[in-house]
Amino acid sequence: MIYSTIGYYSLFLGLFISLLIVFFSVKNFQNSKIISANILSFTFLQFFLVVISFLCLIISFVLSDFSNETVFNNSHSTKPLFYKIAGTWGNHEGSLLLWLFVLTFFIFIFILKTQNQPIKYKLLTLIFQQIIIIGFFFFLLKTSNPFNHLYPTPSEGLGLNPILQDPALAIHPPILYLGYVGSSIIFSSALAATSLNLVSKKWASHIKRWILISWFFLTIGILLGSIWAYYELGWGGFWFWDPVENVSLMPWLALTTLLHCILVLERKSILSSWVIILSIATFTLSMCGTFLVRSGILNSVHTFANDPERGLFILIFLFVLIFLSMFIFFFFHKNEEKTSHSFSWLSKETSILVNNWFMMYFLSVVLIGTVYPIFLDVMISKKISVGPPFYNKLIIPFLVPFLLMMAIGPRLKWTISKLQDKKYLISLLVISIILAYLILKNFNQSILIYTVLVSSAFYLFFISLRDFFVKNRNISQNVAHFGFSLLILSILFNNLFSSETITNLKVGETFENSDTKIVFESVNQKQEKNYKSIIANFNIYNSNGDKDKLSPELRIYNQPIIVTSEADIKTTIMKDKFIVINLVQNQEFFNVRYQVKPFMLWIWLSVILISIGGFLSILKRRL
Amino acid sequence: MKKKLLPFFVVIIFGIVFIVFYKGLEDTNIYTPDLNVQKDIPIFTSKDFYSGKVLKSSDIFEFNKTYLLNIWSSWCVPCRQEHPLLMTLKQNDKIDIIGLNYKDNKKNAVIFLQDLGNPYEKIFIDLDGTQAIEWGAYGVPESFLINNNKIIKKYIGPLNEDLISEIEYLIK
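Protein chains in written order, with numbering that gives the first Met the number 0: chain U, 0 to 622; chain C, 0 to 171.
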């Protein structure tokens, strides 16, 4: 009760301080010798107030204070402590508070740590960031106050959606938000640099660190979400092209492109328009994601709280930011690229530029696939759903030149270059094609396209592997590209060589086909704190004599009453064995799905490798 | 010339995107099943809110009469919001309002009715939420328009003035 009051009023104060910061920054801007000390302390105070407010919400969750509407809607007294805390950001109001927390934290660090940059630039970045922060404060206080009071106090809460009660998902939102919101700093500083005409090599190397940081967190955040989907949703996949997933992928594509462009800008001071547009796009795509997910305009498997009023607010706010940034871009941006900087068709810049175009193409495919159903619904009120076949058809063929470019590009020099050791490059290409053909030759369907695809992935794999042993290599780039080739290879092999068995079994029954025998041994029941579980025990015999014991589980949660199925997965280096059971309505048998999925572990490992690449690059800047 | 046109063009494109999203918001995709076939009301036994006596569905709903069944709870914030509208609908003698008190604590519920008035002809209780499932409800508040023991229309979420006038029109 008391915590809700404290939390609510610190939010109000935080908004007030935003206005003070803008006021002082504008004042300081006219007379900019040094940054005035109270701006820094106000920025810290604002961060501190949001922390207090956030802590108050966490405490309300821990104490199960059901007089708070957010707690009432999303918690329950029998929930384990860990999920009570994680429940704080597992809902709309709490996650927005988390947004605000990260926004204020990042700008504080930015103001504190940025040195050797003009004062005016720092102040202007602060002002733009405060515009975003004020927008979010209003949004939070007006449409989604996390501290709404309930009277009379209900004796029990409604509970957290059980599928959200998973360790990966508990840390997934904060990490993802670090990535999303980190892009807000890039957005504000790009706008500030454009208005002051500071887009230069120096600015590029300063903002690069922020890009790397957001990129790192965004990558890890998407990975965690994907791991959650694989282990918890029980469909045996890790990526479903669901709108909510697409929404996190789009900023990632934009950010990855930006990461490569900023390198060119840093070296050659070209592509400055690209950098600005991408900086704006990354953040607006993150915001657009929030809009699409929170407003209920899209139907998705991740059903969160939907409220059109909230949608309208974010929509207006989003377009205010878009029009503001367009205004700044068109009126202040001086395009100076035409002066002399020519570069050869065979150079690092060209290869980066070409791959940027591919990346933009992937981005537009995902964007259109996500947004097109809305347009169609509004224009001719027809409902369609865009699924994996659309994305597969449009993206997969273009991966081939993309991968080849990724293999060759890093070996080229800036401005003008020659392909060195051609023998190596050609022989590795031949090896890759032969290897891909040997692996796939027993595979009947569309062998040609898969051979081409697998061989280009192998090519990148071998080239980046070999580059580890070359002197003067760029280790972070090398690790990331190597990870990417591994990712594509694992995904391809995973898709091509998975096998699946679906059957209905009673206890004691056996299912057998040419290479597997599934024996349904027994069923146990267990009572946990907030759910009852039914554990089924299976023995699975493979044709090569392996025997596995797998025990998938059905959990019946008491608050709210929801049945979830927990897959049992046996992970080995080469493959995952995945089994999941489901209740069949009014029947005594269970629906059993058994899958063998090769290289699952490698998908996660390769994404970790990619982000390690980014992380190394952050470290390198610090040395 | 080209330079001047580009910003203009981009602004128009984003303007169109804004309008489409705005229109898209007007009918959100919160899925509500249509009740094309008028369903019979469920047959059940429950307890009376005040007396605690056993109530059968036939004691509550008579054939040839029109009812509005309202699922409510004292802890539900939107219920508080729609309550005054139910009080005005009470004035209409063509319809009887029946309350289903959902997962509530009796003391709080009584205070709620004392504070805001009691629009209900009869109230029956649903302590564990099973009655609401029988009716096919998603949560509180929710209202069902019933005529000749058939569900004519279902209202998910709080009623507003438009919906009240729709109900008044339907029962004419």
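Note that CB positions come from ideal geometry on N, CA and C, so glycine has one too. The structure displayed is predicted, hence computed values, not measured ones.
Open item on the list: My output table needs one value for HIS148(U): the three-state DSSP class, helix, strand or coil.
Closed with: strand
Task: Beta-carbon proximity of SER73(C) to ASN107(C), cut-off 8 Å - done: Yes, the pair counts as a contact, with Cβ atoms nearer than the cut-off.
Open item on the list: Our contact map puts VAL364(U) next to LEU393(U) with C-beta atoms below 8 Å; I'd like the distance itself, whole angstroms only.
Closed with: Their Cβ separation, rounded to whole angstroms, is 5 Å, which keeps VAL364(U) and LEU393(U) in contact under 8 Å.
Open item on the list: Does chain C have any CB closer than 8 Å to the CB of LEU314(U)?
Closed with: Answer yes: the Cβ-Cβ gap between LEU314(U) and chain C drops below 8 Å somewhere.
Open item on the list: For LYS182(C) and ASP103(C), what's the separation of their Cα atoms in angstroms?
Closed with: Residue coverage of chain C in this structure runs from 0 to 171, which leaves residue 182(C) outside it and unanswerable.
Task: chain U contact for ASN107(C) (CB, 8 Å cutoff) - done: By this cut-off, ASN107(C) is an interface position.
Open item on the list: Can you look up VAL274(U) in the DSSP assignment and give me helix, strand or coil?
Closed with: DSSP places VAL274(U) in helix when its eight states are reduced to three.
Open item on the list: Distance cutoff 8 Å, beta carbons only. Does SER182(U) sit that close to anything in chain C?
Closed with: Closer than 8 Å: no.
Open item on the list: With H, G and I counted as helix, E and B as strand and the rest as coil, what does DSSP make of PRO173(U)?
Closed with: helix
Task: Contact set between the stretch 362-377 of chain U and chain C, restricted to residues whose Cβ is under 7 Å from the partner - done: Cβ contacts with chain C come from ILE373, PHE374, ASP376, VAL377.
Open item on the list: Please give the ranges of any alpha helix (DSSP H) in the stretch 193-250 of chain U, keeping only runs that are unbroken, at least 4 residues long and fully inside the region.
Closed with: 200-231
Open item on the list: If you measure between the beta carbons of VAL370(U) and LEU486(U), is that distance less than 8 Å?
Closed with: no
- [ ] Pick helix, strand or coil for VAL522(U), following the three-state DSSP scheme.
- [x] The answer is strand: DSSP assigns VAL522(U) an E or B state.
- [ ] Take the Cβ of GLN207(C) as the centre, count every other Cβ of all protein chains shown within 10 Å, and call the residue buried at 16 or more, exposed below.
- [x] Any property of residue 207(C) remains undetermined from this structure, which presents chain C solely from 0 to 171.
Open item on the list: Can you look up TRP601(U) in the DSSP assignment and give me helix, strand or coil?
Closed with: helix
Open item on the list: Just to confirm the assignment: which complete alpha helix (DSSP H) runs, minimum length 4, are found wholly within the stretch 452-511 of chain U?
Closed with: 474-496
TODO: Compute the Euclidean distance between the alpha carbons of GLU308(U) and ARG293(U), then round it to the nearest angstrom.
DONE: 10 Å
TODO: With 8 Å as the threshold, decide whether the Cβ of ILE609(U) is near any Cβ in chain C.
DONE: By this cut-off, ILE609(U) is not an interface position.
Open item on the list: Given this structure, state the Cα-to-Cα distance separating ILE383(U) from ASP376(U), to the nearest angstrom.
Closed with: The alpha-carbon atoms of ILE383(U) and ASP376(U) are separated by roughly 8 Å.
Task: Simplified DSSP assignment, three categories, for ASN28(C) - done: Only weak support exists for where ASN28(C) lies, its pLDDT of 49 falling under 50; the value from the coordinates is given anyway. Correct three-state label for ASN28(C): coil.
Task: the stretch 57-77 of chain C: positions lying closer than 7 Å to chain U by Cβ - done: Cβ contacts with chain U come from SER73, TRP74, VAL76.
Task: Euclidean distance between Cα positions of ILE130(U) and TYR154(C) - done: 40 Å
TODO: With DSSP as the reference, label TRP88(U) as helix, strand or coil.
DONE: Coil, per DSSP.
Open item on the list: Let me confirm a value: GLY156(U) is counted as buried when at least 16 other C-beta atoms fall within 10 Å, else exposed. Which label applies?
Closed with: buried
Open item on the list: Tell me which residues share the same chain as PHE614(U) and place their Cβ nearer than 7 Å to its Cβ, disregarding the 5 neighbours each side in the sequence.
Closed with: PHE215
Task: Cβ pair SER550(U), ALA566(U) closer than 8 Å - done: no
Open item on the list: Does the CB of LEU112(C) have a neighbour CB from chain U at under 8 Å?
Closed with: Judged by the 8 Å Cβ criterion, LEU112(C) is not in contact with chain U.
Task: Extent of the continuous alpha helix (DSSP H) run through GLU133(C) - done: Annotation: the continuous alpha helix (DSSP H) that includes GLU133(C) extends over 129-134.
TODO: Would you kindly check if the distance between the Cβ of LEU68(C) and the Cβ of SER164(C) is under 8 Å?
DONE: no
- [ ] Could you pull out every residue in the same chain whose Cβ sits closer than 8 Å to the Cβ of ARG266(U), ignoring the five residues on either side in sequence?
- [x] Here the set comprises LYS200, TRP413.
Task: Euclidean distance between Cα positions of ILE517(U) and SER463(U) - done: Distance between the alpha carbons of ILE517(U) and SER463(U): 42 Å.
TODO: Scan the stretch 317-336 of chain U for residues whose Cβ lies nearer than 8 Å to a Cβ of chain C and list them as they occur along the chain.
DONE: Under the 8 Å Cβ criterion, the stretch 317-336 of chain U contributes PHE318, ILE321, PHE322, MET325, PHE329.
TODO: Kindly say whether PHE303(U), judged by its beta-carbon, lies nearer than 8 Å to any beta-carbon of chain C.
DONE: Per-residue confidence for PHE303(U) stands at a pLDDT of 48, beneath the threshold of 50, marking its modelled position as unreliable; the derived number appears in the next sentence. No, its Cβ sits nowhere closer than 8 Å to a Cβ of chain C.
Task: Residue from LEU123(U), ASN115(U), ASN144(U) whose Cα sits closest to the Cα of LEU99(U) - done: ASN144(U)
Open item on the list: Run through chain C and tell me which residues come within less than 8 Å of SER154(U), C-beta to C-beta.
Closed with: ASN104
- [ ] Closer than 8 Å by C-beta to ILE18(C): which residues in its own chain qualify, once you throw out the five before and the five after it? Chain order, please.
- [x] Close CB contacts of ILE18(C) within its chain, under the 8 Å cut and outside five residues either way in sequence, are absent.
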